[in-house]
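Here is the structure we will look at.
Number of protein chains: 2
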Amino acid sequence: MQFLTEQQLGNVLQRNFVLGEVPGVVWIPRSGPAPLVLIGHPGGLSTMHPRLLARAQHLANDGFASAALELPGCGERPRIAAADEARAELRRAVRAGEPVGEDVLERLVLPLVDQAAPEWQHAVDVLLQLPGITGPVGYAGGLIALGVRLAVVEPRIEAAVLFAGSYVPRGMFAEAKTVAIPLQVLLQWDDEGNDRQLALDLFDALGSGEKSLHANMGGHTGVPPFAVDDGARFFARHLQAG
Amino acid sequence: MQFLTEQQLGNVLQRNFVLGEVPGVVWIPRSGPAPLVLIGHPGGLSTMHPRLLARAQHLANDGFASAALELPGCGERPRIAAADEARAELRRAVRAGEPVGEDVLERLVLPLVDQAAPEWQHAVDVLLQLPGITGPVGYAGGLIALGVRLAVVEPRIEAAVLFAGSYVPRGMFAEAKTVAIPLQVLLQWDDEGNDRQLALDLFDALGSGEKSLHANMGGHTGVPPFAVDDGARFFARHLQAG
Chain A
138 MQFLTEQQLG NVLQRNFVLG EVPGVVWIPR SGPAPLVLIG HPGGLSTMHP
188 RLLARAQHLA NDGFASAALE LPGCGERPRI AAADEARAEL RRAVRAGEPV
238 GEDVLERLVL PLVDQAAPEW QHAVDVLLQL PGITGPVGYA GGLIALGVRL
288 AVVEPRIEAA VLFAGSYVPR GMFAEAKTVA IPLQVLLQWD DEGNDRQLAL
338 DLFDALGSGE KSLHANMGGH TGVPPFAVDD GARFFARHLQ AG
Chain B
138 MQFLTEQQLG NVLQRNFVLG EVPGVVWIPR SGPAPLVLIG HPGGLSTMHP
188 RLLARAQHLA NDGFASAALE LPGCGERPRI AAADEARAEL RRAVRAGEPV
238 GEDVLERLVL PLVDQAAPEW QHAVDVLLQL PGITGPVGYA GGLIALGVRL
288 AVVEPRIEAA VLFAGSYVPR GMFAEAKTVA IPLQVLLQWD DEGNDRQLAL
338 DLFDALGSGE KSLHANMGGH TGVPPFAVDD GARFFARHLQ AG
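Line order of the protein sequences matches chains A and B. The first sequence begins at 138 in our numbering and counts up one residue at a time. The second sequence begins at 138 in our numbering and counts up one residue at a time.
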């Protein structure tokens, strides 16, 4: 892990890094050693930065360090032609108000998750060595398919808040049934870029004994502050206990 | 309002009363003047008493007085033959795993709500005069159709936590669209005596600008403690602000 920049931004020390060839950011709270929350996002760290920083600062306020890695084929990473093509097809379908084909989702999401998951696991190895960061680890974010995969393969992740704001191929539902960690699923009921029934079906499929669905009014970026607080309390219950 | 008994039970003073011919209970917290939460229930105050008392004590702990009235045709009130018949048909259908007919729901729920709502409104008139109780008023409980009706007709009710644990005839969905107060809807995802799709459709129909669905695992009586706490925080936000 090679650190590029370091900046105190409000209540967090933001450190930009490269891990192998993968850019990433870690936010460490002033308040001392803290459990780590991985922040899932749709790709494009620079574009997403204002929103990610706001979430990192909110998490720091509640006593959590956080980190995000750039996704394969996104931001400054080399493009992946097949993914770009599938993403364009998905956008076309959503814009036209048509159902998104299962094959499009599989071509977009499965290779992304297959490549990203081990990268994020490797990042956890390294991040847990940093001063100011301790286990356990949580996952919070909108790339719900990556959250599902990490919940299954990475035992250090003990709880996840999943934002039902992205597509999960139904081919991953069998994998979702094997998730066993506590989950809180946030659903924006009127999310224009989401498929509500798919989100409800995925919630039903998830195997965890403790799972809660919190559905709120508003569009994709309109998650109300009290729902964000619900997520913080959920992590406090599962990552800070004892 | 004629008081029959008065008993200090933990953190609440429980006062049993009769209002006209309607039995009721009010629970007043030790801690002094508090907003009032009406506790909805399926009828039968004596049978429900342990659960109602537990909820009243939990509410008192969070700074709320609470009260419940006996429903028409339930408990010690004169039976209503048509309601008993419809209730028996509903139970038969649920036990047989058959869909509950819309006509059964209408015969059971509509007359019950038509009669109960003015009784509960009258109780609010009187309860708000008692020492230890102030406005505003909330509604919390499992008789979701009564909660919908009261939310529409009773302006002193400023927020409601609805337990999606009872049936609402689709004929009430137009009325549900006119509800405007903040709502939190609790849904037990695996509630054996409930219709999940009906609950989701009703949540979708409710007109409130702020409405949240909190779905949790488990059966009818398995609401997890953290979901109860969510309800308390919701009431604190809406009934204790300022």
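Glycine is no exception: its CB is placed at the ideal position from the N, C-alpha and C atoms.
How big is the Cα-Cα spacing for residue 173 (chain A) and residue 202 (chain A)?
Cα to Cα, residue 173 (chain A) sits roughly 5 Å from residue 202 (chain A).
Quick one, which residues of the stretch 294–315 of chain A are near chain B if we go by CB-CB under 7 Å, in chain order?
none
In terms of residues, what are the limits of the beta strand (DSSP E) holding residue 201 (chain A)?
Here residue 201 (chain A) belongs to no beta strand (DSSP E), and DSSP marks it neither H nor E.
Closer than 7 Å at the beta carbon, the chain A residues around residue 352 (chain B)
349, 350
C-alpha distance - residue 190 (chain A) paired with residue 148 (chain A), whole-angstrom precision
11 Å
Tell me which same chain residues have a C-beta within less than 6 Å of the C-beta of residue 156 (chain B), skipping the five on either side of it?
138, 260
Would you give the residue range spanned by the beta strand (DSSP E) that residue 176 (chain B) belongs to?
Run containing residue 176 (chain B): 171–177, per the beta strand (DSSP E) assignment.
Short of 8 Å Cβ to Cβ, which residues in the stretch 353–368 of chain A face chain B?
353, 354, 361, 363, 364, 367
Among the candidates B:200, B:248, B:171, whose CA atom is the shortest distance from the CA of residue 366 (chain B)?
B:200
My understanding is that residue 305 (chain B) touches residue 285 (chain B), with C-beta atoms under 8 Å, so please give their C-beta distance in whole angstroms.
7 Å
Grouping DSSP H, G and I as helix and E and B as strand, with all else coil, what is residue 315 (chain A)?
coil
If the criterion is Cβ atoms closer than 8 Å, does the pair residue 325 (chain B) and residue 355 (chain B) meet it?
yes
What residues in the stretch 202–216 of chain A have a beta carbon less than 9 Å from any beta carbon of chain B?
If the cut-off is 9 Å between Cβ atoms, the stretch 202–216 of chain A has nothing near chain B.
Just curious, the alpha helix (DSSP H) that residue 299 (chain A) is in, first and last residue?
From DSSP, residue 299 (chain A) is part of no alpha helix (DSSP H) but of the beta strand (DSSP E) over 294–300.
Would you please verify whether the beta carbon of residue 344 (chain B) is less than 8 Å from any beta carbon of chain A?
no
What separation, rounded to the nearest whole angstrom, lies between the Cα atoms of residue 357 (chain B) and residue 332 (chain B)?
So the two alpha carbons sit approximately 11 Å from each other.
Residue 280 (chain B) versus residue 343 (chain B): straight-line alpha-carbon distance, rounded
15 Å
Please confirm whether residue 374 (chain A) has its beta-carbon closer than 8 Å to some beta-carbon of chain B.
yes
Just curious, the beta strand (DSSP E) that residue 164 (chain B) is in, first and last residue?
159–166
8 Å Cβ shell around residue 239 (chain B) - same chain, five flanking residues per side excluded
Around residue 239 (chain B): 306, 307, 308.
Closer than 6 Å by C-beta to residue 372 (chain B): which residues in its own chain qualify, once you throw out the five before and the five after it? Chain order, please.
275
Note down the Cα distance separating residue 215 (chain B) from residue 232 (chain B), rounded to an integer number of angstroms.
26 Å
The beta strand (DSSP E) enclosing residue 143 (chain A), as first and last residue numbers:
The continuous beta strand (DSSP E) containing residue 143 (chain A) extends over residues 139–146.
Applying the 10 Å Cβ sphere with the 16-neighbour rule, what's the burial state of residue 166 (chain B)?
buried
Could you give the DSSP three-state label for residue 255 (chain B): helix, strand or coil?
helix
Would DSSP call residue 184 (chain B) helix, strand or coil?
helix
State the Cα-Cα distance for the pair residue 315 (chain B) and residue 289 (chain B), rounded to the nearest angstrom.
A direct Cα-to-Cα measurement between residue 315 (chain B) and residue 289 (chain B) gives close to 7 Å.
Nearest to residue 177 (chain B) by CA position, among B:353, B:282, B:375, B:361, is which residue?
B:282
May I have the straight-line CA-CA distance separating residue 180 (chain A) from residue 278 (chain A), to the nearest angstrom?
12 Å
In the structure shown, what three-state DSSP assignment does residue 385 (chain A) receive?
Any question about residue 385 (chain A) goes unanswered here, given that chain A covers just 138 to 379.
Residue 302 (chain B) burial status per 10 Å Cβ neighbour count (16 or more: buried)
Counting C-beta atoms within 10 angstroms of its own C-beta, residue 302 (chain B) has 16 or more neighbours from the protein chains shown and is therefore classed as buried.
Do you know whose CA, among A:375, A:170, A:369, lies nearest residue 269 (chain A)'s CA?
A:170
Using the C-alpha atoms, what's the distance from residue 168 (chain A) back to residue 145 (chain A)?
13 Å
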